[in-house]
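S.K.: There's a structure below that I have some questions on.
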Ligand code: FES
Ligand SMILES: [Fe+2]
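In this note's numbering, the protein residues as written are 426 to 859.
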């Protein structure tokens, strides 16, 4: 297979979405190299807290050790290889493997063995690092967001994030107390399709007016007055916004792409007209809390940022303005798991979190009349790509009209471009042929 032939300027070969060999290579060349999101520090806020996830299909566990520092460990017993920590999250003084009882500290160090005499004369000793749950080669955090890389060399986390640290800043700066925390559980779903499809979709301005038409029309018929506070429901407003006219997508929505495959759809929601500020008593209380904490000018500056989906390739997509984060876990070439997390803004009135959950129900819930359209499309793509007759998928929209930005990124002609898809495949190729 000649990988270099699979991506062309205006198209990509279908095998990048449906060939299991390519998928296995992606795990090795992309997911085992890039910085992958592990979790948020608030998920392990107390000493002994842990949270299990996967990187490149490998189980890892994020812990907070008794020195109050976070570690990311391979979740594998040094004895015979069993996964040591099996609940997804919790708190423990130590991790004891359920097979033969080898016991590890929350920093991964081997601290106890059953019937240790049996190991006399061998290299199996307490504190021998060869028999610890190993640390992954690199882990780091940016403002509480923890990432890890299974590769010991490469760009630092901040170099990797590049200008998109601004999206994480946007999320955190919106908290009157300057901190956010994960709250409200995890909304998860599987879809029958390749992992790349979700990133392509999340910055795809062309699709909402078509595929989300049924919820747009239903939302347009709703009167805001039916809601008790008269402000309208944030989910309803979002559904209506999906039906913004083409001119809006062409003249007001921005699409940016960045090194390492990242992308951003912005300027989509204008606070004055569309989001929670409109006649919303919760938002007004929140505004007062922000102004008291940061001053009027700074509060206005923070709330004036209008970022929509930020894709940090290849592991997360988040909406800083709406406190939502999706973790995208590739399971196989045509199966992907998505975990949706909500963030509470510390210092904000509790009602703001109600809005966050309402919004999650539209963007991350399988009961959503919007998300389910996209999931159906992913499985139709998986099915459609089995048809012979055309080996290629077009990525040409807006090509030749992208412009370079001062921060090293590119801005698309408009919000209907496929710049972000071309950019992801440029990055994809650079990982795959490295
Ligand atoms: S496999 Fe873990 S103690 Fe044996
Ligand atoms: Fe969609």
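Quick reminder that beta carbons are idealized off the backbone N, C-alpha and C, glycines included.
#1: Who are the near neighbours of residue 595 in its chain, counting only those whose CB is closer than 6 Å to its CB and skipping five residues on each side?
#2: Quick one, are the C-beta atoms of residue 437 and residue 824 less than 7 Å apart?
#3: Could you spell out the range, first to last residue, of the beta strand (DSSP E) harbouring residue 483?
#4: Once the 5 residues before and after residue 602 are set aside, which same chain residues still bring their CB inside 6 Å of it?
#5: Taking the alpha-carbon of residue 644 as reference, which of 787, 750 and 491 has the nearest alpha-carbon?
#6: Quick one: give me the first and last residue of the alpha helix (DSSP H) that residue 722 is part of.
#7: Inspect the beta-carbon positions of residue 514 and residue 534 and report whether they are closer than 7 Å.
#8: What residue range is occupied by the uninterrupted beta strand (DSSP E) comprising residue 817?
#9: Based on the DSSP output, what are the partners of residue 755 in its beta bridges?
#10: Looking at residue 468 and residue 561, is the spacing between their C-beta atoms short of 7 Å?
#11: Going by CA-CA distance only, name the one from 728, 609 and 624 that's closest to residue 790.
#12: Buried or exposed for residue 639, please, with buried defined as at least 16 other CB atoms from any protein chain shown within 10 angstroms of its CB.
#13: Return yes when at least one heavy atom of ligand 2 lies under 6 Å from the C-beta of residue 552, else no.
#14: Distance check for residue 821 and residue 433, CA to CA, integer angstroms please.
#15: Against chain D, does residue 569 count as a neighbour if the rule is that its beta carbon must be under 7 Å from one of theirs?
#16: At what residues does the beta strand (DSSP E) containing residue 860 begin and finish?
#17: Could you name each continuous beta strand (DSSP E) segment of 3 residues or more that falls completely within the stretch 585 to 633, going from the start of the chain to the end?
#18: Should residue 648 be counted as a contact of ligand 2 given a C-beta to heavy atom distance under 6 Å?
#19: Can you tell which of 721, 614, 691 and 735 has its C-alpha closest to the C-alpha of residue 763?
#20: What is the rounded straight-line gap between the Cα of residue 747 and the Cα of residue 707?
#21: What is the residue span of the beta strand (DSSP E) that residue 681 lies within?
#22: Have a look at residue 575 and residue 483 and give me their C-alpha separation to the nearest angstrom.
#23: Is residue 474 near ligand 2, with its Cβ less than 6 Å from a heavy atom?
#24: What three-state label does DSSP hand residue 827 in the structure shown?
#25: Would you say residue 845 and residue 688 are within 7 Å of each other, going by their C-beta atoms?
#26: For residue 757, count neighbouring C-beta atoms within 10 Å of its own C-beta (all shown protein chains included) and say buried if the count is 16 or more, exposed if not.
#27: Taking Cβ positions, are residue 804 and residue 635 nearer each other than 7 Å?
#28: So which of 450, 487 and 448 has the shortest CA-CA distance to residue 465?
#29: At what residues does the alpha helix (DSSP H) containing residue 786 begin and finish?
#30: For ligand 2, any of its heavy atoms closer than 6 Å to the Cβ of residue 799?
#31: According to the neighbour-count rule (16 or more other Cβ atoms, all chains shown, within 10 Å of its Cβ), is residue 769 buried or exposed?
#32: Confirm, please, whether the CB-CB distance from residue 454 to residue 856 is below 7 Å.
#33: Between the beta-carbon of residue 496 and the beta-carbon of residue 472, is there less than 7 Å?
#34: Just how far apart, CA to CA, sit residue 518 and residue 530?
#35: What's the gap between the Cα of residue 860 and the Cα of residue 499?
M.R.: Quick look at the numbers:
#1: So the list reads 730, 732 and 745, once near-sequence residues are dropped.
#2: No; because the gap between Cβ atoms is not below 7 Å, this pair is not in contact.
#3: 483 to 489
#4: 771 and 772
#5: 787
#6: Where residue 722 is concerned, the enclosing alpha helix (DSSP H) stretches over 721 to 728.
#7: No. Outside cutoff.
#8: 817 to 819
#9: 761
#10: no
#11: 609
#12: With fewer than 16 Cβ atoms within 10 Å of its Cβ, residue 639 is classed as exposed.
#13: no
#14: 10 Å
#15: The structure shown has no chain D; it contains just one protein chain.
#16: Residue 860 lies beyond the range of the chain shown here (426 to 859); nothing can be said about it.
#17: 605 to 616
#18: For residue 648, the Cβ stays outside the 6 Å cut-off from all heavy atoms of ligand 2.
#19: 614
#20: The C-alpha of residue 707 is placed about 14 Å away from the C-alpha of residue 747.
#21: Residue 681 -> beta strand (DSSP E) spans 679 to 682.
#22: Note on geometry: alpha-carbon atoms of residue 575 and residue 483 lie some 10 Å from one another.
#23: no
#24: coil
#25: For residue 845 and residue 688, yes; Cβs fall inside 7 Å.
#26: exposed
#27: Annotated as distal: residue 804 and residue 635, with beta-carbon spacing of 7 Å or more.
#28: 487
#29: 775 to 788
#30: yes
#31: buried
#32: Yes, the Cβ-Cβ distance between residue 856 and residue 454 is below 7 Å.
#33: no
#34: Cα to Cα, residue 518 sits roughly 7 Å from residue 530.
#35: No answer is possible for residue 860: it lies beyond the span of the chain, which begins at 426 and ends at 859.
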